[in-house]
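Asks:
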Amino acid sequence: MLQLFRRCSRPPFDPLLFTLTCVVTLAGIPLLYSASYAEGLALHDDPQYFVLRQAAFALVGFAGLVAAAKVDLAWLRKRSRFFLGATVALLFVCLSHGALNGARRWISVGGFTVQPSEFAKLALIIYLASYLAKAREWIQEGWTPVVHVALVTGGVALLLLLQPHLSALLLVVGVATVMVVLAGLPGDRVLSLGCVLLIAGVPLFQIAPREQQNRVKVWLGLIQSEEDAYHQKQSLLAIERGGALGVGFCEGRQKLRYLPASHNDFIFSCIAEEFGFLGVVVVLSLFSALVIRCYDIAHMCGSQFGSLLCTGVATLLGLELVGHVGVATGLLPPTGVTLPLVSAGGSAFICVLFGIGLVLNVSRGVSPEVEAMDDGFGFDGRGDGRTHLPAPRPRRYGAVA
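One gets our numbering by counting positions in the sequence shown from 1 and adding 24 to each.
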């Protein structure tokens with residue numbers, strides 16, 4: 025009877041993660057309005073243009089979140105190859121379309137533009153989680169699973185390079201690397217893998233489009249570029265003007281078309297200008313809690329597939345956060361990384377919410393006993409020189425091994 029009461033009283037999915045997602049999303053709407061109204065008025069004669077579109081995307085995104093939280097994970101896992109293949113096909117379609125702002129990243133659908141690279145990130149995470157869960161024993165003995173992951177990820181990365189979409193390329197490589205390491209790759213091979221990635225980065229940089237190369241060279245101080253330097257200068261000026269408490273909501277100056285892409289690639293700078301250091305701490309704390317909770321669910325999950333799925337989504341969110349803040353503060357070269365759930369952009373917004381929905385789905389399989397015995401955030405350490413996700417533990421229902 026007590027067990028039945030626990031099951032009935034327990035929320036259908038993790039309430040903390042859902043609450044954090046709602047808070048960040050709702051907070052992002054006014055933040056986007058403040059950062060985008062000047063751009064909307066100048067380009068579309070409507071100061072609410074971007075925020076109204078974002079609100080519509082939020083409705084679609086939360087519908088996707090609910091669907092992802094309810095979908096049968098076994099069904100999803102069996103079709104992981106199909107989803108990856110479909111997104112790869114869309115990436116090929118992008119290459120046949122005309123360029124927009126010097127890149128072939130979008131497909132026009134009914135007056136909207138869809139960015140397949142955002143869906144490719146999620147499809148790759150689902151596929152890698154499925155494959156690595158099946159190959160968890162092989163990965164400890166040989167290089168075959170690592171080579172397989174490298175070929176699949178490399179194929180997706182090559183298509184992203186041809187668009188070109190450097191930020192998405194770096195994100196998929198980073199996510200795939202973390203997933204392989206946490207799937208149980210021995211420590212000595214982790215070091216070898218890192219060396220291979222560094223060596224492979226040299227020829228990739230050489231074949232990258234000149235614009236992408238110049239951004240890195242400007243960041244390193246090897247060449248001078250007025251355009252890229254202007255972006256960084258205006259971004260840092262916005263952060264500097266914010267001070268400790270900011271200039272006030274909607275009172276920022278840099279978004280008045282001084283800072284390009286203030287509503288997406290540099291929205292963090294607008295937040296810093298209007299809400300200051302205190303506002304930045306609050307925003308980063310919310311995002312950090314969101315990412316850590318996803319990792320926490322991965323740690324508590326009794327399913328290898330579910331753990332890797334949560335790990336992939338959490339790593340993607342974390343890398344996007346670090347990349348966006350790094351570009352805004354000048355610590356990283358400008359690569360066009362948006363701030364999840366805040367920056368304007370429908371495809372990214374919807375995919376992030378769908379990914380969080382998958383984590384919520386996995387959280388339904390975490391039993392109360394596992395939550396009670398969990399002693400904090402982290403992954404299993406067995407003293408064998410390898411990194412491990414947790415071994416299968418008792419679960420309530422719905423988990424997929």
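All C-beta atoms, glycine included, are put in the ideal place defined by N, C-alpha and C.
Any chance the stretch 284-299 sits against the stretch 314-334, with 3 or more Cβ pairs inside 8 angstroms?
Replies: no
Asks: Give the single residue among Lys145, Ser286, Leu222, Ser371 whose Cα lies nearest to the Cα of Gly64.
Replies: Ser286
Asks: Is the beta carbon of Gly326 closer than 7 angstroms to that of Ala153?
Replies: no
Asks: How far does the alpha helix (DSSP H) with Ala295 in it reach, from first residue to last?
Replies: Note that residue 295 corresponds to Ile in the displayed sequence, not to Ala. Note, Ile295: alpha helix (DSSP H), 291-324.
Asks: For Val304, which residues of its own chain have a beta-carbon under 6 angstroms away from its beta-carbon, when the five flanking residues on both sides are left out?
Replies: Ala296
Asks: Provide the residue span of the beta strand (DSSP E) that contains Ser137, from first to last.
Replies: Residue 137 is actually Thr in this sequence, not Ser. Looking at the DSSP string, the run of the beta strand (DSSP E) that includes Thr137 is 136-138.
Asks: For Val117, which of helix, strand or coil comes out of DSSP?
Replies: helix
Asks: Hey, Ser371 and Glu142 are a contact pair by Cβ (cut 8 angstroms); roughly how many whole angstroms apart?
Replies: Taking C-beta atoms under 8 angstroms as the contact rule, Ser371 and Glu142 qualify, at a distance of about 4 angstroms.
Asks: Just the C-alpha distance for Asn238 and Leu228, rounded to the nearest angstrom, thanks.
Replies: As the crow flies, the alpha-carbon of Asn238 is around 14 angstroms from that of Leu228.
Asks: Cα separation between Arg277 and Phe290?
Replies: 14 angstroms
Asks: With DSSP collapsed to three states, give me the class of Pro210.
Replies: In the structure shown, Pro210 sits in a strand (DSSP, three-state: E or B).
Asks: Where do the N-terminal and C-terminal ends of the beta strand (DSSP E) with Val47 fall, by residue?
Replies: Premise fails: Val47 lies in the alpha helix (DSSP H), 39-68, not in any beta strand (DSSP E).
Asks: Give the range of the alpha helix (DSSP H) segment to which Ile380 is assigned.
Replies: 370-387
Asks: How many Å lie between Met397 and Gly389 at the Cα?
Replies: For Met397, the pLDDT reaches just 42, beneath the cut-off of 50, and the residue's location in the model is therefore unreliable, although a value from the coordinates is still provided. Distance between the alpha carbons of Met397 and Gly389: 15 angstroms.
Asks: Would you identify the three-state DSSP class for Val90, choosing helix, strand or coil?
Replies: Reduced to three states, the DSSP call for Val90 is helix.
Asks: Helix, strand or coil, according to DSSP, for Ser141 in the structure here?
Replies: helix
Asks: Quick one: is Cys375 buried, meaning 16 or more other Cβ sit within 10 Å of its Cβ, or exposed?
Replies: buried
Asks: For Ser286, name the three-state secondary structure that DSSP assigns.
Replies: coil
Asks: Got a sec, what are the start and stop residues for the beta strand (DSSP E) Ser132 sits in?
Replies: 131-133
Asks: Buried or exposed: where does Tyr155 fall if 16 or more other Cβ atoms within 10 Å of its Cβ makes it buried?
Replies: buried
Asks: Can you say whether Trp99 is buried or exposed, counting buried as having 16 or more other CB atoms within 10 angstroms of its CB?
Replies: Of the residues assessed, Trp99 falls on the exposed side of the cut-off, its CB having fewer than 16 other CB atoms within 10 angstroms.
Asks: Assuming Gly178 and Leu343 make a contact with CB atoms under 8 angstroms, what is their CB distance in whole Å?
Replies: Not really, about 18 angstroms apart at Cβ, beyond 8 angstroms.
Asks: Among Leu302, Gln256, Asn288, which one has its Cα closest to the Cα of Leu269?
Replies: In terms of Cα proximity to Leu269, the closest of Leu302, Gln256, Asn288 is Leu302.
Asks: Who are the near neighbours of Val138 in its chain, counting only those whose CB is closer than 6 angstroms to its CB and skipping five residues on each side?
Replies: Ile131, Ser371
Asks: Would DSSP call Ser189 helix, strand or coil?
Replies: A quick correction: the sequence has His, not Ser, at residue 189. His189: coil per DSSP, three-state reduction.
Asks: Going by DSSP, what residue range makes up the alpha helix (DSSP H) through Glu275?
Replies: No alpha helix (DSSP H) holds Glu275; DSSP gives it neither H nor E.
Asks: Please report the residue range of the alpha helix (DSSP H) in which Gly350 lies.
Replies: 328-352
Asks: Does DSSP classify Leu217 as helix, strand or coil?
Replies: helix
Asks: Could you tell me whether the stretch 176-194 touches the stretch 357-368, where touching means 3 or more Cβ pairs closer than 8 angstroms?
Replies: yes
Asks: Under 7 angstroms, Cβ to Cβ, is there at least one residue of chain B near Asp289?
Replies: The question asks about chain B, but that chain is absent: this structure has only one protein chain.
Asks: Given His348, which residues of its chain have a CB within under 7 angstroms of its CB, disregarding the five upstream and five downstream residues?
Replies: Around His348: Phe292, Val361, Thr362, Leu363.
Asks: Does DSSP classify Ala200 as helix, strand or coil?
Replies: Note: Ala200 maps to helix in three-state DSSP.
Asks: Have a look at Ala92 and Ala82 and give me their C-alpha separation to the nearest angstrom.
Replies: Cα to Cα, Ala92 sits roughly 15 angstroms from Ala82.
Asks: With Trp99 as the anchor, note down where its alpha helix (DSSP H) starts and where it stops.
Replies: 97-102
Asks: Quick test of your reading: Arg234 and Gln187, contact by CB under 8 angstroms. State the CB separation rounded to the nearest angstrom.
Replies: Going by Cβ atoms, the distance from Arg234 to Gln187 rounds to 15 angstroms, so no, they are not a contact pair.
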